[in-house]
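Q: Take 1 as the starting number for the sequence shown in this note's numbering and just add one per residue.
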Amino acid sequence: MTRKTAYTLCPRLMAITLIAAAPTGMTLTAPARADELTVTMHKVTQDGTGDAIGTVTISSTDGGASFKLDLHGLPSGPHGFHVHENDNCGPTMMSGVRIPAGAAGGHLDPDYTGKHEGPAGQGHLGDLPVLDAAANGTATQTLVAPRIKDIGILKKRALIIQTGGDNYSDTPNRDGGGGGRFACGEIE
Ligand SMILES: [Cu+2]
Ligand SMILES: [Zn+2]
1 MTRKTAYTLC
11 PRLMAITLIA
21 AAPTGMTLTA
31 PARADELTVT
41 MHKVTQDGTG
51 DAIGTVTISS
61 TDGGASFKLD
71 LHGLPSGPHG
81 FHVHENDNCG
91 PTMMSGVRIP
101 AGAAGGHLDP
111 DYTGKHEGPA
121 GQGHLGDLPV
131 LDAAANGTAT
141 QTLVAPRIKD
151 IGILKKRALI
161 IQTGGDNYSD
171 TPNRDGGGGG
181 RFACGEIE
């Protein structure tokens, strides 16, 4: 009878030991959270990507996603600045013409709003604040997109700087009227 008691006690002790060990093992295998994404921006042409013009560092803040610019080689003045759907800065063909960075697709729009309304609007989530380049072609400000709460949604997308400005509207021209794509960076 003594041996039988010892036998039944043993599995119970083992079970308690396994339960105690489980949370530690789960903590060790949990994926690391991305606190910061660094994106290298390149000029884009009909042939693909060209010269690097600096970096944009993306991080999460209480007020939304922040985009810290360290850029040079830009035409001075305002530029539309957006997150586009695909992490591909290559050209695409449209009606027999090569479109620089066309492979990046349209503005990031996970809620399918179909509207361009800028960072404070209710449209594309990828609508960022206008980027203003100084007379010497640099841009070093930090821009905040209040509606982007989790920068994880920006992975495997592209950052694009348009040639022209952005009026945060689809009129008179779609997507803020910024014209062609000037620079692009794939977000990894
Ligand atoms: Cu854009
Ligand atoms: Zn848009």
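By construction, the Cβ of each residue, glycine as well, lies at the ideal position given by its N, Cα and C atoms. Keep in mind that this is a model prediction, so the values were computed, not measured.
Just confirm the distance between the C-beta atoms of Asp-166 and Gly-105, as a whole number of angstroms; I'd bet it's less than 8 Å.
A: With 8 Å as the limit, Asp-166 and Gly-105 do not qualify as a contact, their Cβ atoms being about 17 Å apart.
Q: Compare the C-alpha of Glu-186 against each of Lys-156, Gly-48, Thr-61 and Gly-180 and name the closest.
A: The shortest Cα separation from Glu-186 among Lys-156, Gly-48, Thr-61 and Gly-180 belongs to Lys-156.
Q: Identify, in the order they occur along the chain, each residue of the same chain with its Cβ nearer than 8 Å to the Cβ of Thr-61, setting aside the five sequence neighbours on each side.
A: Around Thr-61: Val-144.
Q: Alpha carbon to alpha carbon, how far is Lys-149 from Gly-176? Give it in angstroms, no decimals.
A: Each residue's alpha carbon lies about 23 Å from the other.
Q: What does the alpha-carbon distance come out to for the pair Thr-138 and Thr-45?
A: If you take the alpha carbons of Thr-138 and Thr-45, they lie about 20 Å apart.
Q: Is Glu-188 helix, strand or coil by DSSP?
A: Three-state result, Glu-188: coil.
Q: Could you check how far apart the C-beta atoms of Pro-119 and Gly-102 are, in whole angstroms? I think they sit under 8 Å.
A: About 24 Å separates the two Cβ atoms, so there is no contact after all.
Q: Count the other CB atoms within 10 Å of the CB of Met-41; is the residue buried (16 or more) or exposed (fewer)?
A: By the 10 Å Cβ count, Met-41 comes out buried.
Q: Would you mind stating whether Ile-153 and Pro-110 have Cβ atoms separated by less than 8 Å?
A: Closer than 8 Å, so yes.
Q: Sort Ala-65, Gly-64, Asn-86 and Gly-63 by Cα distance to Ile-160 and report the nearest one.
A: It is Asn-86 whose Cα lies nearest to the Cα of Ile-160.
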